[in-house]
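Notes to accompany the following structure.
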Amino acid sequence: MAACSALWSVKKNEEAAAKKRPKVTAAQLRIQKDLTELDLPPTIKTVFPDPSDVLNFNMTITPDEGIYNGGVFNFSFAINANYPHEPPKVRCKERIYHPNLDLEGNVCLNILREDWKPVLTLSSIMIGIQYLFLEPNPDDPLNKGWF
């Protein structure tokens, strides 16, 4: 009888612990997968201000060639619960003159807009943003008033 009571107590404790654990969303699972597969060059760094929140983080790009060589550019990533069906919201934290960034920090990168597909990853976005600093695209400016 004591063994049965002990088993019942263990089961109740496990159930209580399971209820206390926060539920992991599909977006969080996908982000964790994307993050474990990141293989970034040394010019791209990621920082998580709150390590328990994988849906909001920062990225720093330090181009090592091109007209932005030597610059340090910080971006915020905000990922909603519909990821990967919707792209992350990415903003540049610095106000810089760049044809593919507007004054509010919005990024003109096709895979963050009309060309987004759920098979794309955080790595593809990060590499795409870095490429904008290596090869700015004046043919698709975000702020048309500059040109």
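Take the sequence shown: its position 137, counted from the start at 1, is 137 in the UniProt record's numbering, and no numbers get skipped. No residue lacks a Cβ here, since even glycine has one placed at the ideal position from N, Cα and C.
- Counted as a single uninterrupted DSSP element, the stretch harbouring F48 is not any beta strand (DSSP E), since DSSP gives it neither H nor E.
- The alpha helix (DSSP H) runs of length 4 or more contained entirely in the UniProt domain "UBC core" (26-147) are, from start to end of the chain, 26-36 and 122-134.
- Around the beta-carbon of V47, fewer than 16 other beta-carbon atoms lie within 10 Å, marking it exposed.
- S124 is not a Cβ neighbour of L38, given a cutoff of 8 Å.
- Scanning K23, A27 and I67 for the CA closest to the CA of N137 turns up I67.
- Taking 8 Å as the cut-off, the beta carbon of L134 is found no closer than this to the beta carbon of P41.
- Burial of H98 is indicated by the presence of at least 16 other C-beta atoms within 10 angstroms of its C-beta.
- Ranking K33, F73 and H85 by CA distance to the CA of Y131 puts F73 first.
- Straight-line spacing of the CA atoms in R30 and Y83 works out to 8 Å.
- Contact check for A78 against P88 passes: the beta carbons are separated by less than 8 Å.
- Exclusion of the five residues before and after N100 leaves V107, C108, L109, L132, P136, N137, D140, P141 and L142 as the residues of its chain whose Cβ lies within less than 8 Å of its Cβ.
- No Cβ-Cβ contact shorter than 8 Å links F57 with I129.
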